[in-house]
Amino acid sequence: MQVDVLNADELKKSAPVFGQISFDDHEQIVFCNDKDTGLKAIIGIHNTVLGPALGGTRMWDYASEWEALNDVLRLSRGMTYKSAITGLNLGGGKAVIIGDAKTQKTPELMRRFGRFVDSLSGKYITAEDVGMETADMDTVYEVTKHVSGISEEKGGSGNPSPITAYGVFMGLKAAAKHKFGTDNLEGKTVLVQGIGHVGETLVKHLTENGAKVYISDINQERLEEVKKKYDANIFEGKDVYDAEVDIYAPCALGATINDDTVKRIKAKVIAGAANNQLADEATHGKILKERGIVYAPDFLINAGGIINVYAELEKYDKKEIIRKTENIYNTTLEILAKADKEEMTSHYAALKIAQQRIDDRKNRDLK
Ligand code: NAD
1 MQVDVLNADE LKKSAPVFGQ ISFDDHEQIV FCNDKDTGLK AIIGIHNTVL
51 GPALGGTRMW DYASEWEALN DVLRLSRGMT YKSAITGLNL GGGKAVIIGD
101 AKTQKTPELM RRFGRFVDSL SGKYITAEDV GMETADMDTV YEVTKHVSGI
151 SEEKGGSGNP SPITAYGVFM GLKAAAKHKF GTDNLEGKTV LVQGIGHVGE
201 TLVKHLTENG AKVYISDINQ ERLEEVKKKY DANIFEGKDV YDAEVDIYAP
251 CALGATINDD TVKRIKAKVI AGAANNQLAD EATHGKILKE RGIVYAPDFL
301 INAGGIINVY AELEKYDKKE IIRKTENIYN TTLEILAKAD KEEMTSHYAA
351 LKIAQQRIDD RKNRDLK
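Quick note on numbering: the sequence shown equals residues 1 to 367 in full-length UniProt numbering.
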């Protein structure tokens, strides 16, 4: 298609960055390229009104650069709202490294990435996400101080996943209370999709609290391991979205609630760790509401990890981390009640409160 024959709307849609659907007034997007190490990364800084943009780095073998760009934009925006709704003085950012973490991640590549982070002088603070380990953050820490989630030996807060899982458990309990009138999970069936760092600990909390847990993962070894450890059941059905369970906990990757799945899901509650679970916030959130399925907003209930890394910056102790994480239970209840009262989706109710906090700060700073 030739540019000179496009009308204004078409031009906007064809705009490679500012025209992306996931572009939501991002402040800055940084493309990082290093031939020597093979690094190709994108840092998305969505909003810094409340503070520096903090968010993890994901390493993933994206099918295309467009997919990577779209992912980083969606994820960094999500971080803005996650920190805002949790009451943290942080903005939203995220980074993606294009490549297979198992075969392409090297200390040299991580250090080079760290230098790019350092070049932003603290406007973006990185941490770990899918494809990253605490050890990788320690490597990044060799070249920049703008990194969190480093190991406890190096003065950091270590792996945030157990706290994330605890927060998800709190949000899941609150959503269960909203739907079933009790947060007692005894005998409730829960399907946990993805039993990685977060999913496994969630399985632990659920089984300890009497839930009957089904697990699903693309990694067969992990399934056997987690099944044995927590007496969980491997989901044997054909498709997880047709599973007859009370609660569905997406803990793998995002967008699992989409055109194909949203009408098939039989669970009455959805509460999990994955970021951006709704492929389309407006459409899929609305269908869930119409179907009477209680959806605990992902960015609200998976905030334990960010609370943990924020503690590293603010020098909070463990007690305060737990207190803030347990508060996810109350916030989830509040948001679900607000959504019912104001006849809006839970996702939108949470976004509205988060946006209000950002706007209040912006207005205060302008005065
Ligand atoms: P992880 O990489 O440790 O685990 C993900 C698991 O999902 C792996 O076991 C993987 O095999 C499995 N998986 C991948 N595709 C799958 C599929 N199609 N079906 C079933 N299983 C599949 O990641 P994690 O740290 O446990 O994070 C899980 C999710 O939670 C991610 O979306 C992440 O962004 C989000 N999250 C994590 C944290 C954290 O503290 N780690 C914080 C907030 C949000």
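Even for Gly, the Cβ is constructed at its ideal location relative to N, Cα and C. These numbers come from a predicted model, not from an experiment.
Taking 7 Å as the limit between beta carbons, can you name the residues of its chain near T164, skipping five residues before and five after? V198, A273, N302, G304, G305
Here's the rule: buried if 16 or more other CB atoms are within 10 angstroms of the residue's CB, otherwise exposed. What is D4? The predicted model places D4 with a pLDDT of 47, which falls under 50 and marks its position as unreliable; any figure quoted below should be read in that light. Looking at its Cβ environment, which holds fewer than 16 other Cβ atoms inside 10 Å, D4 is exposed.
Among D25, K102, G254, which one has its Cα closest to the Cα of G93? D25
Under the rule that 16 or more other beta-carbon atoms within 10 Å means buried, what is T182, buried or exposed? exposed
With a threshold of 6 Å, establish whether the CB of P160 neighbours any heavy atom of ligand 1. yes
Would you report the Cα separation of A282 and S161, rounded to the nearest angstrom? 28 Å
Measuring CA to CA, which of A271, G156, F299, G171 is closest to K315? G156
Measure the beta-carbon distance from I257 to L278 and round it to whole angstroms, keeping in mind my assumption that it falls under 8 Å. 5 Å
Checking 7 Å against the spacing of the C-beta atoms, do K40 and N33 come in under that value? yes
Among D136, G91, L120, nearest to Q104 - alpha-carbon criterion: D136
Report yes or no: is there a C-beta of chain C within less than 7 Å of the C-beta of I98? You won't find chain C in this structure, because it holds only one protein chain.
DSSP state of G55, grouped into three classes? strand
Check whether the Cβ atoms of M170 and E334 sit closer than 7 Å, and answer yes or no. no
On a Cα-Cα basis, can you pick out the residue from Y329, N308, T332 that is closest to I321? N308
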